[in-house]
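Using the working numbering, the first residue of the sequence shown is number 54, and each one after it goes up by one. Even glycine gets a Cβ: it sits at the ideal position worked out from N, Cα and C. In this text, all values refer to a predicted model and were calculated from it rather than measured experimentally. Beneath this line is the structure, given in structure tokens, with notes to follow.
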Amino acid sequence: MCYFWAGTSEDWRVDFDQFNATDMGANLPLWKGERWLDIRSKAVWKVMQKRIELASKRGCDAIDPDNVDGYDNEKGGGFAKPLTKSDAVTFVRKLSLEVKRYGMSTGLKNSAAIIRSVDDYISFAVNEECAQLMECDAYKPLLYPPAGKKPKPVFHI
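Dropping the structure here:
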């Protein structure tokens, strides 16, 4: 599984210069050099396509895209037009469809609020703090799906 930042830019990454300044929003308070990305941007999408292609070339079976929840942070990522849950859902679905082109699977990192909207597009979930935030129940639809659907793993790390 290959991990990458899908919803943020980091000034130490080799592809940082490929992001437009206008596509970068608020700084993440706990992470110096990391800013929310406008996941609606075509330019941001082009960088994500390259990251997905790189994951495939490196032999990854799946991707674990982090920070797709800008809508829930810094007032919608700090953009004049704030990011929304709908933007995140569209982005995760788009990521998943691109990833499938390379024969890989997509996970959902954190972002419990959009699980039901992206369930058909993801193969697993990764969560860092559901116990601490008391939101582990949000992952039940993946673990105990309705009749006719297979359960999906949820990795709590």
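What residue from Q71, M187, P82 has the CA that sits closest to K99's CA?
The candidate whose alpha carbon is nearest that of K99 is Q71.
Out of D117, G201, G131, point me to the one whose CA is closest to V207's CA.
When each option's Cα is compared against that of V207, the closest is D117.
Apart from the five residues just before and just after S170, which ones in its own chain have a Cβ nearer than 7 Å to its Cβ?
Here the set comprises V142.
So, with DSSP's three-state summary, where would you put I167?
Three-state result, I167: helix.
Just how far apart, CA to CA, sit A79 and A96?
Cα to Cα, the separation comes out at about 18 Å.
Taking the beta strand (DSSP E) that M77 belongs to, which residues open and close that run?
M77 -> beta strand (DSSP E) spans 77-80.
My output table needs one value for T177: the three-state DSSP class, helix, strand or coil.
The residue you asked about is not Thr; residue 177 is Phe in the sequence shown. Here F177 sits in strand by DSSP.
Which two residues bound the contiguous beta strand (DSSP E) that contains E63?
Looking at the DSSP string, the run of the beta strand (DSSP E) that includes E63 is 61-63.
Of all the beta strand (DSSP E) runs that stay within the bounds of the region 113-160, which reach a length of 3 or more residues?
Complete beta strand (DSSP E) runs here, min 3: 115-119.
Contact between the region 99-112 and the region 142-157: three or more CB pairs below 8 Å?
The region 99-112, when compared against the region 142-157, does touch it at the 8 Å Cβ threshold.
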